[in-house]
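Single-structure report; data block below.
Residue numbers (the UniProt record's numbering): 1 to 103.
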């Protein structure tokens with residue numbers, strides 16, 4: 001689940017059962033392969049969520065609960081949007097209405 005650009009709750013799925021009319025991005029196999037090679041250069045990163053970390057630190061500092069959520073320091077695994085964009089894979093990055101990376 002995530003908040004969409006319209007401010008509503010959306011779901012993010014990868015399973016084939018949620019998709020229709022699946023096609024390659026490029027009709028030409030060599031063009032598809034050349035573009036897809038950039039994926040091999042994407043560094044897989046791990047990190048702590050900044051907002052979660054700051055809330056947890058404040059809760060510990062003030063010795064009181066500040067949120068309904070229960071935070072613990074878990075490392076996330078994934079990609080960094082700016083690094084994806086820099087490798088020319090802009091179709092995998094979300095932008096706002098001013099063409100800036102959505103944060």
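C-beta atoms are modelled at their ideal positions from N, C-alpha and C, and glycine is treated no differently.
Per DSSP, residue i is paired with what?
| i | result |
| --- | --- |
| residue 78 | 45 |
| residue 101 | 95 |
If residue i sits next to residue j, beta carbons under 8 Å apart, how far is it from one beta carbon to the other, in whole angstroms?
| i | j | result |
| --- | --- | --- |
| residue 56 | residue 73 | 7 Å |
| residue 59 | residue 65 | 6 Å |
Does the beta-carbon of residue i have 16 or more other beta-carbons within 10 angstroms, so that it is buried, or is it exposed?
| i | result |
| --- | --- |
| residue 77 | exposed |
Counting only the same chain and skipping the five closest in sequence on each side, list residues whose C-beta sits under 7 Å from that of residue i.
| i | result |
| --- | --- |
| residue 83 | 42, 43 |
| residue 47 | 75, 76 |
| residue 93 | 81, 84, 85, 101 |
Can you give me the Cβ contacts of residue i inside the same chain, cut-off strictly under 6 Å, excluding the 5 residues immediately before and after it?
| i | result |
| --- | --- |
| residue 52 | 71 |
Which residues in the same chain as residue i place their Cβ atom closer than 8 Å to its Cβ, once the five residues preceding and following it in sequence are excluded?
| i | result |
| --- | --- |
| residue 16 | 22 |
_Check whether the segment 80–96 and the segment 33–40 are in contact - that is, three or more C-beta pairs closer than 8 Å._
The answer is yes - the segment 33–40 touches the segment 80–96, with three or more Cβ pairs under 8 Å.
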